[in-house]
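Taken in order, these protein sequences are the chains called A and B.
full-length UniProt numbering numbers the first residue of the first sequence as 1 and each following residue consecutively.
full-length UniProt numbering numbers the first residue of the second sequence as 1 and each following residue consecutively.
For glycine and all other residues, C-beta sits at the position ideal for the given N, C-alpha and C.
The structure appears below as structure tokens.
There are 2 protein chains.
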Amino acid sequence: MGYSVGQVARLAGVTVRTLHHYDEIGLLSPGQRTASGYRRYTDADLERLQHVLFYRELGFPLEEIAVILDEPSSDTLTHLRRQHELLSRRIGRLREMTAAIERAMEANAMGIPLTPEERFELFGDFRPEEHQAEAEERWGGTEAFEQSRRRMATMTKDDWKRFTAEAARTTEDFAKAFTDGLPADGEVAMDLAEEHRAHITRWCYDCSYEIHRGLGDMYVADPRFAANYEPLAPGLTQYIRDAIHANADRAGA
Amino acid sequence: MGYSVGQVARLAGVTVRTLHHYDEIGLLSPGQRTASGYRRYTDADLERLQHVLFYRELGFPLEEIAVILDEPSSDTLTHLRRQHELLSRRIGRLREMTAAIERAMEANAMGIPLTPEERFELFGDFRPEEHQAEAEERWGGTEAFEQSRRRMATMTKDDWKRFTAEAARTTEDFAKAFTDGLPADGEVAMDLAEEHRAHITRWCYDCSYEIHRGLGDMYVADPRFAANYEPLAPGLTQYIRDAIHANADRAGA
DNA sequence: ACTTGACCCTCACGTAACGGCAGGCTCCAC
DNA sequence: GTGGAGCCTGCCGTTACGTGAGGGTCAAGT
């Protein structure tokens with residue numbers, strides 16, 4: 001027979017207003033309502049709230065929390081593992097900051113002034129590396145790019161393994177279709193392209209047909225991407241690019 | 001000779017807008033401006049920014065950061081020490097969360113459902129203990145109370161030592177004035193009361209005369225406070241209370 | 001001397017994640 | 001059967017910026 005807002009609020013150490021808010025934005029709606037409109041939270045709701053608070057504590061925006069809690073592959077254990085890894089990383093980060101502080105204290109004790117770069121290096125774990133800057137340039141700092149970057153940050157080593165495994169499978173299927181002589185604008189190739197697009201959407205960001213076209217073009221233009229495909233079959237890169245465009249055409253985009 | 005907003009932004013890994021914002025709210029105004037109105041940040045500004053970002057990272061509101069950076073006893077070393085301690089605490093907290101996650105994983109593996117209390121105990125480090133609940137009741141959950149609670153949280157063991165030392169000194173002075181037979185509404189006693197008020201304002205929260213009166217009344221009403229004063233001189237508690245009121249009267253409040 | 005692109009300025013409105021209050025039901029314990 | 005605790009739905013306020021708009025500034029190239 002569930003818990004009332006007040007009870008849940010006390011249990012979880014949040015305010016009633018917060019629960020109302022989570023209900024409003026659809027992040028956590030109580031399983032039921034009483035006849036008089038009172039919210040009734042179930043045990044499942046409590047578990048969801050637990051995860052919400054956890055990710056929130058680690059600084060995730062609520063909208064993103066909703067996404068990662070609603071993705072299909074999200075059972076309790078997956079989340080616990082992910083949370084465990086996120087915690088480890090966070091602790092590592094704080095340790096680095098501790099070390100930086102200690103260095104600063106030493107420098108201070110010796111009367112050595114810090115250079116501006118030294119001053120902020122401890123915050124610099126997300127500084128634009130080469131690759132990021134380039135992607136930014138290519139993608140024009142779009143929403144999708146940001147989304148991707150953040151999604152990547154949440155992925156555990158396990159996630160990465162599954163991600164690359166899935167990606168490799170699709171690539172192999174492409175290679176097979178290509179060597180079998182199936183046309184790039186044929187049913188099979190287009191379905192594979194669609195699968196590819198879904199794969200990206202699931203793991204990285206909301207990949208529209210238009211973005212997907214752009215990706216395909218990028219594959220042939222950039223030798224680093226081509227390096228992944230050509231060894232499997234020369235010409236595969238172009239084939240994939242064409243299949244992507246055919247698939248987008250089919251979808252009317 | 002100085003850095004532009006853009007340079008500082010790149011160095012510190014924040015946006016220009018953020019620096020503009022800090023300037024607007026007076027948290028970090030550049031030491032100079034060029035003739036054409038461009039912001040010029042000095043090395044001292046950079047150091048301040050470093051501290052700002054640090055405290056921000058640890059979740060302090062900007063307004064509070066301004067306060068702790070502007071308090072008189074705030075030299076670089078003090079801050080570095082404080083930051084070091086805050087980091088240690090933070091790491092400890094995250095370790096506890098890690099342990100809680102591990103317990104949850106075990107329970108999950110064994111198929112044991114968690115009780116609602118177990119679910120959220122890891123977030124419960126700020127649950128209302130007896131004392132806090134009482135203070136809340138007394139003070140009616142005022143702004144001052146919240147301010148105090150947060151200030152306390154930033155204090156290192158060293159801070160506490162100095163705090164209690166200062167407090168003890170004032171108390172002794174009060175005791176001396178009392179045993180010397182000086183009147184509670186006399187110059188000396190009132191000055192001591194004012195010092196007491198300043199002490200609270202400096203360390204805990206903005207203590208108005210009205211609040212101060214309330215504190216004085218509380219001292220005589222609550223035996224636990226009286227226990228601190230009476231051993232020094234019987235009747236001292238009442239004396240302090242009267243001095244506080246006299247001082248408030250003198251200030252016209 | 002002139003343009004052009006990168007950088008800077010000041011408004012000014014938008015957003016996320018709630019806090020806090022008003023005005024009004026609902027529940028249950030005495 | 002009534003009073004107080006708890007719940008409801010708006011709705012406006014706040015913090016820490018994001019995101020342009022509209023317009024000066026500056027060094028480098030032509």
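1) Mind checking P72(A): buried by the 16 CB within 10 Å criterion, or exposed?
2) Just to confirm the assignment, what range does the alpha helix (DSSP H) spanning M110(A) have?
3) Count the C-beta pairs between the segment 17-37 of chain B and the segment 76-85 of chain B that are closer than 8 Å, then say yes if the count reaches three, no if not.
4) Give me the subset of the segment 76-96 of chain B whose CB atoms are less than 8 Å from a CB atom of chain A, sorted by chain position.
5) Based on the DSSP secondary-structure assignment, which residues constitute the bridge partners of R39(B)?
6) Could you tell me the alpha carbon to alpha carbon distance between A177(B) and V188(B), rounded to whole angstroms?
7) For I25(B), is the classification buried or exposed, using 16 other Cβ atoms within 10 angstroms of its Cβ as the cut-off for buried?
8) Using a Cβ cut-off of 7 Å, pull out every chain A residue sitting near A104(B), in sequence order please.
9) Tell me the residue span of the alpha helix (DSSP H) that contains I68(A).
10) Are the Cβ atoms of L62(A) and R90(A) separated by less than 8 Å?
11) At the 8 Å Cβ level, is I101(A) part of the contact set with chain B, yes or no?
12) For T15(B), count neighbouring Cβ atoms within 10 angstroms of its own Cβ and tell me buried if that reaches 16, exposed if not.
13) Using 8 Å as the limit for Cβ to Cβ distance, is T98(A) near chain B?
14) Pop quiz: G13(A) and F60(B) are said to be a contact at Cβ under 8 Å. What is the actual Cβ separation, rounded to whole angstroms?
15) Output, in chain order, the set of chain A residues within a Cβ distance shorter than 9 Å of L46(B).
16) By a C-beta neighbour count over all protein chains shown, 10 Å radius and 16 as the cutoff for buried, is P113(B) buried or exposed?
17) Among D45(A), A104(A), L11(A) and L49(A), which has the Cα closest to the Cα of G50(B)?
18) Examine chain B for any beta-carbon lying closer than 8 Å to the beta-carbon of Q132(A), and answer yes or no.
19) Compute the Euclidean distance between the alpha carbons of T171(A) and L236(A), then round it to the nearest angstrom.
20) Would you kindly check if the distance between the Cβ of L27(A) and the Cβ of A66(A) is under 8 Å?
21) For H245(B), does the count of other Cβ atoms within 10 angstroms reach 16, so buried, or fall short, so exposed?
22) Check whether the Cβ of Q50(A) lies closer than 8 Å to any Cβ atom in chain B.
23) So is N108(A) in contact with chain B if we call contact Cβ pairs under 8 Å?
24) Taking the alpha-carbon positions, what's the S88(B) to M1(A) distance?
25) When you compare only the Cα positions, how much space is there between G252(B) and C207(B)?
26) One question on the structure: do Y22(A) and V52(A) come within less than 8 Å of each other, judged by their Cβ atoms?
27) R241(A) and G216(A): beta carbons closer than 8 Å?
28) From T42(B) to I68(B), what distance separates their C-alpha atoms?
29) Straight-line CA distance for R162(B) to E102(B)?
30) Would you kindly work out how many angstroms separate the C-alpha atoms of L46(B) and A9(B), rounded to a whole number?
31) Count the other CB atoms, across all protein chains shown, that sit within 10 Å of the CB of R95(B); report buried if there are 16 or more and exposed otherwise.
32) Quick one: what's Y3(A) bridged to in DSSP?
33) Could you check where the alpha helix (DSSP H) with A248(A) kicks off and where it finishes?
34) Quick one: what does DSSP say A184(A) is sitting in, helix, strand or coil?
35) Look up R10(B) in the DSSP assignment and say whether it is helix, strand or coil.
36) Between R33(A), S29(A) and A44(A), which has its C-alpha nearest P116(B)'s C-alpha?
By the coordinates alone:
1) exposed
2) T76 to M110
3) no
4) T76, L77, L80, R81, Q83, H84, L87, S88, R90, I91, L94 and R95
5) R33(B)
6) 7 Å
7) exposed
8) L80
9) L62 to D70
10) no
11) yes
12) exposed
13) yes
14) With a Cβ gap of about 20 Å, G13(A) and F60(B) do not count as contacting.
15) L114, P116, R119 and F120
16) exposed
17) A small fix is needed here, since residue 50(B) is Gln in this sequence, not Gly. Of the listed residues, the one whose Cα sits closest to Q50(B) is A104(A).
18) Caution is warranted here: a pLDDT of 42 is assigned to Q132(A), below 50, making its placement in the model unreliable, and the coordinate value is therefore given only provisionally. No, no contact with chain B.
19) 9 Å
20) yes
21) buried
22) yes
23) yes
24) 42 Å
25) 15 Å
26) yes
27) yes
28) 20 Å
29) 40 Å
30) 10 Å
31) exposed
32) Y41(A)
33) L236 to R250
34) coil
35) helix
36) A44(A)
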